[in-house]
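Sequence positions in the sequence shown follow this note's numbering and run 0 to 197.
Note that beta-carbon positions come from the ideal geometry of N, C-alpha and C, so glycine has one too.
Model, not experiment: these values are computed from the prediction.
Notes follow once the structure below has been shown.
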Amino acid sequence: MMDLDVERQLRHRMAMASPTDTVRGMFFNGALEVARALGGSEAADRCQQIVGEKRIIDFFNYPVTDLLQLSLEMIRLVGAHTGGHAGVLRRMGTQAAKDFLASSPGRTMLMLTDKNPRRVLSQLPASYRTVVGFGERKVSWSADGRTGLFLAQRDFMPPAYTKGLLQGVLEAVGAKGVNVSGRPTGMLDSEYEVSWER
């Protein structure tokens, strides 16, 4: 059974989205991979039905509301076995990091930053903007440069998803001991403190 508060939050996010709020198909395909890994073919097939597309093309744009609906269904199907809603969303975010880094914009970002974790985090807002049609993201650094503050505004994906995304991106470039903590600052706004071993 799903936490009604989580369902209410996701539905509220869906209600706030417009048709121009889109994400690339790679994030749907990655979410379906997570559904298959956590709940088998039956869970993946059920999530595919929610989306209604027989084939999702990685670089086509799709409504973010469909990805949120898919998230709801995944939480219903496998949340009880995988750390609840936060576990499912974080796993989806980690998969999104892998899919993004394998994409042309992600590979370009890695090349431009020489896979340096600090440079990757600083470049992430601009690079990520090429694959989502909503929100603004910014990074600032603490005075000692050891902690990054990642700000997300008008971001439809829940904080647990973004935590998984940030951790996945940094671990993919070799950062060790990655720590991502975050909190909402508004219905669609949140901030994340990001650090790793130097």
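message: Taking the straight line between their C-alpha atoms, what separation do you get for GLN166 and LEU67?
response: 20 Å
Where the beta strand (DSSP E) containing ALA151 begins and where it ends: 147-152
query: Considering ASN28, what are the terminal residues of the alpha helix (DSSP H) in which it resides?
result: 24-50 is the span of the alpha helix (DSSP H), which, as asked, contains ASN28.
message: If contact is defined by three or more beta carbon pairs under 8 Å, each pair taking one atom from either stretch, is the stretch 74-93 in contact with the stretch 2-18?
response: The count of Cβ pairs closer than 8 Å, one atom from the stretch 2-18 and one from the stretch 74-93, reaches three, so the stretches are in contact.
- request: Decide yes or no for the touch test of the stretch 58-65 against the stretch 10-25: beta carbon pairs closer than 8 Å, at least 3 of them.
  value: The answer is yes - the stretch 10-25 touches the stretch 58-65, with three or more Cβ pairs under 8 Å.
query: So GLN152 and GLU135 are in contact, right, with Cβ under 8 Å, and what is the actual spacing, rounded?
result: 5 Å
Cα-Cα separation between ALA16 and PHE155, rounded to whole angstroms: 8 Å
query: If we ignore side chains and look at the alpha-carbon of each, how far apart do SER189 and MET108 end up?
result: 23 Å
- prompt: With a Cβ-Cβ cutoff of 8 Å, do MET25 and ASP57 count as a contact?
  reply: yes
message: Give me, in chain order, the residues of the same chain whose beta-carbon lies closer than 6 Å to that of SER180; leave out the 5 immediate sequence neighbours on both sides.
response: GLU192
message: DSSP three-state label for LYS97, please.
response: helix
- prompt: Contact between the stretch 109-119 and the stretch 43-51: three or more CB pairs below 8 Å?
  reply: These segments do not touch.
task: Taking only runs that begin and end inside the stretch 61-133, name each unbroken beta strand (DSSP E) of 3 or more residues, in chain order.
output: none
- prompt: Is it buried or exposed for ALA30, if we count other Cβ within 10 angstroms and need 16 for buried?
  reply: buried
message: Can you confirm whether the stretch 91-99 touches the stretch 160-175 when touching is taken to mean that 3 or more C-beta pairs between the two stretches lie within less than 8 Å?
response: yes
- prompt: Which residue from GLY132, VAL131 and LEU169 puts its Cα closest to that of GLY147?
  reply: Checking every option, the nearest Cα to that of GLY147 belongs to LEU169.
message: For a quick check, are the C-beta atoms of VAL50 and LYS114 less than 8 Å apart?
response: no
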